[in-house]
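Position 163 of the sequence shown, counted from 1, bears residue number 164 in our numbering, the numbering being contiguous throughout.
Idealized CB from N, CA, C, for every residue including glycine.
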Amino acid sequence: MKFCNIEVENRFFLAPMAGVTDVPFRTICEGYGAALTYTEMVSAKALTYKDEKSARMLHLPEGRKPCFAQIFGSEPDVMAEGARLAAEISGAEGIDINMGCPVSKIVGNGEGSALMRNPKLAEEIIKKVVAAVDVPVTVKFRKGFEGGADTCVDFAKMVEQAGAAALCVHGRTRAQMYTGLSDREAIARVRAAITSIPVLASGDALSARACHEILNETGADAVMIARGAEGNPFIFEDCLRWECGEEVRRPTCGEILDILVRHAEAMVDWKGERSLVEFRKHALWYLGRLSGVKHYKVQMSGVSDLEHLKAICQAIREEDPAVKEA
Numbered sequence: 002m003k004f005c006n007i008e009v010e011n012r013f014f015l016a017p018m019a020g021v022t023d024v025p026f027r028t029i030c031e032g033y034g035a036a037l038t039y040t041e042m043v044s045a046k047a048l049t050y051k052d053e054k055s056a057r058m059l060h061l062p063e064g065r066k067p068c069f070a071q072i073f074g075s076e077p078d079v080m081a082e083g084a085r086l087a088a089e090i091s092g093a094e095g096i097d098i099n100m101g102c103p104v105s106k107i108v109g110n111g112e113g114s115a116l117m118r119n120p121k122l123a124e125e126i127i128k129k130v131v132a133a134v135d136v137p138v139t140v141k142f143r144k145g146f147e148g149g150a151d152t153c154v155d156f157a158k159m160v161e162q163a164g165a166a167a168l169c170v171h172g173r174t175r176a177q178m179y180t181g182l183s184d185r186e187a188i189a190r191v192r193a194a195i196t197s198i199p200v201l202a203s204g205d206a207l208s209a210r211a212c213h214e215i216l217n218e219t220g221a222d223a224v225m226i227a228r229g230a231e232g233n234p235f236i237f238e239d240c241l242r243w244e245c246g247e248e249v250r251r252p253t254c255g256e257i258l259d260i261l262v263r264h265a266e267a268m269v270d271w272k273g274e275r276s277l278v279e280f281r282k283h284a285l286w287y288l289g290r291l292s293g294v295k296h297y298k299v300q301m302s303g304v305s306d307l308e309h310l311k312a313i314c315q316a317i318r319e320e321d322p323a324v325k326e327a
């Protein structure tokens with residue numbers, strides 16, 4: 002299929018996640034079938050200040066699949082310059098504007114989902130970013146801001162008219178954070194109202210069955226998979242099997258441990274062995290798919306070197322615990 006005039010292999014994309022969708026994780030998910038990925042969200046203002054850490058977050062390796070660089074901020078001119086720099090630094094196929102992050106620190110600065118309370122400012126940001134770059138610009142936002150808010154259709158129309166090449170709706174309000182259920186009906190209403198650009202669906206894409214139900218019930222062009230991929234990059238392969246009418250295959254304990262170790266090795270190669278502290282969350286997500294490994298999870302939560310991590314995995318491998326259903 003084509004997404005923003007970019008050839009992509011399928012309808013299953015890896016969503017941007019702060020502290021998660023770095024180079025090693027994106028590469029692993031691509032290997033299991035993710036057709037398009039997004040970087041972690043990067044501060045546009047930090048880019049304009051020449052922050053090296055922010056620039057490094059935008060690194061895209063050779064031989065990758067299409068990737069969009071996601072930026073956040075609330076000042077139109079700064080966002081425009083940040084987008085220009087993000088496109089230049091990364092060579093990404095597109096720029097995504099974060100207007101959905103619900104985290105208090107981001108919202109408190111008027112960024113992320115806070116922009117849903119100020120559509121005029123959001124519109125100005127989109128227009129300036131579109132004018133600043135030569136690649137497609139997309140926007141990710143939520144159903145609304147307040148608990149009972151349902152402003153996504155009007156907001157989506159503004160995003161479309163402002164010149165975005167595509168949009169993604171997360172079916173929760175900012176007040177919900179990640180609790181409760183994602184409102185698929187709200188996403189479907191956005192899809193019905195938006196006719197000229199693709200609409201992506203986000204929220205509760207936790208299994209192959211859920212991903213296909215989301216696509217069928219909303220009419221979305223593609224689904225963004227976020228938490229469903231944490232510790233489970235196999236979900237992309239599952240989605241492709243489901244789409245072909247094939248049986249979804251549950252990975253073995255050995256396969257889960259193999260990918261855990263490979264992911265850890267990639268992290269060390271990319272960021273050095275100190276990054277294993279950052280990797281612990283990934284390791285615990287992988288181990289969360291196995292039954293009866295609580296004592297190993299306690300050990301893994303303190304791991305700080307690769308040999309220790311591998312030793313823990315070998316001990317688990319020898320016990321060969323059962324794999325939970327995804």
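Exercise. Which of helix, strand or coil does DSSP assign to Glu320?
Worked result: helix
Exercise. Short check: CB of Cys68 to CB of Thr38, under 7 Å?
Worked result: yes
For this session: Classify Ser91 as buried or exposed, calling it buried when 16 or more other Cβ atoms lie within 10 Å of its own Cβ.
Result: buried
Problem set entry | Buried or exposed by the 16-neighbour rule on C-beta atoms within 10 Å, applied to Ser44 | buried
Problem set entry | Distance between Ala230 and Ala16 (C-alpha atoms, nearest Å) | 9 Å
Problem set entry | Sequence ranges, beta strand (DSSP E) only - wholly within the stretch 216-303, length at least 3 | 223-226
Exercise. Where does the unbroken alpha helix (DSSP H) through Ser105 begin, and where does it stop?
Worked result: Ser105 to Gly109
For this session: Over the uninterrupted alpha helix (DSSP H) stretch that includes Ala166, give me the two end residues.
Result: No residue range can be given for Ala166, since it is assigned to no alpha helix (DSSP H) and is classified by DSSP as neither H nor E.
Exercise. How many angstroms separate the CA atom of Thr196 from the CA atom of Leu59?
Worked result: Looking at the two C-alpha atoms, the distance is approximately 31 Å.
For this session: Ignore the nearest five residues each way along the sequence and tell me which others in Ser126's own chain have a CB closer than 6 Å to its CB.
Result: Rather than Ser, the amino acid found at residue 126 in this sequence is Ile. Taken in chain order, the residues that qualify are Pro77 and Met80.
Exercise. Excluding the five sequence neighbours on either side, which residues of its own chain have a C-beta within less than 8 Å of the C-beta of Val269, listed in chain order?
Worked result: Ser276, Leu277 and Leu307
Exercise. Hey, how far is the Cα of Cys5 from the Cα of Asp97?
Worked result: If you draw a straight line from the Cα of Cys5 to the Cα of Asp97, it comes to about 12 Å.
For this session: Tell me, to the nearest whole angstrom, how far the beta carbon of Met100 is from that of Phe142; I am working on the premise that it is less than 8 Å.
Result: 4 Å
Problem set entry | Rounded separation between Ile188 and Asp151 - CA only | 10 Å
Exercise. Just to confirm, are Gly172 and Gly204 a CB contact at a threshold of 7 Å?
Worked result: yes
Exercise. Which of helix, strand or coil does DSSP assign to Ile96?
Worked result: If DSSP states are grouped into helix, strand and coil, Ile96 belongs with the strands.
Exercise. Mind checking Ser305: buried by the 16 CB within 10 Å criterion, or exposed?
Worked result: exposed
Problem set entry | Cβ-based neighbour list, Lys311, same chain, cut-off 7 Å, excluding 5 preceding and 5 following | Correct list, in chain order: Val262.
Exercise. How long is the line joining the alpha carbons of Asp259 and Cys314, rounded to whole angstroms?
Worked result: Between Asp259 and Cys314, the C-alpha separation is close to 9 Å.
Exercise. Cβ atoms of Pro322 and Cys254: under 7 Å apart, would you say?
Worked result: yes
Exercise. Thinking just about the alpha-carbon of each residue, which of Pro137, Phe146, Gly109 and Gly95 is nearest to the one in Arg118?
Worked result: Phe146
Exercise. What is the DSSP secondary structure of Ala70, counted as helix, strand or coil?
Worked result: strand
Exercise. Considering only residues of the same chain and omitting the five flanking positions on each side of Leu61, which have a CB-CB separation below 7 Å?
Worked result: Cys68, Ser91, Gly92 and Ala93
Problem set entry | Whether Ala366 touches Val191 by CB criterion (7 Å) | This structure leaves residue 366 out entirely; the chain is present only between 2 and 327.
Problem set entry | Closest residue to Lys144 among Gly111, Glu238 and Arg175 (Cα-Cα distance) | That would be Arg175, whose Cα lies nearest to the Cα of Lys144.
Exercise. Considering only C-alpha positions, which residue in the set Pro120, Gly293, Met301 and Gly303 is nearest to Val324?
Worked result: Measuring from the Cα of Val324, the nearest candidate turns out to be Gly293.
Problem set entry | Cβ separation of Ala123 and Met159, assumed to be a contact under 8 Å, to the nearest whole Å | 7 Å
Exercise. Any idea what DSSP makes of His171, helix, strand or coil?
Worked result: strand
For this session: Can you tell me which of Thr180, Pro234 and Ile198 puts its alpha carbon nearest to the alpha carbon of Gln162?
Result: Ile198
For this session: Please list, in chain order, all residues of the same chain as Ala88 whose beta carbon is under 8 Å from its beta carbon, the five residues on each side excluded.
Result: Within the same chain, Cβ atoms closer than 8 Å to the Cβ of Ala88 are found at Ala70, Ile96, Val134, Asp135 and Val136, the five residues on either side in sequence being excluded.
Exercise. Do Gly289 and Gly232 have their C-beta atoms within less than 7 Å of each other?
Worked result: Taking 7 Å as the Cβ cut-off, Gly289 and Gly232 qualify as a contacting pair.
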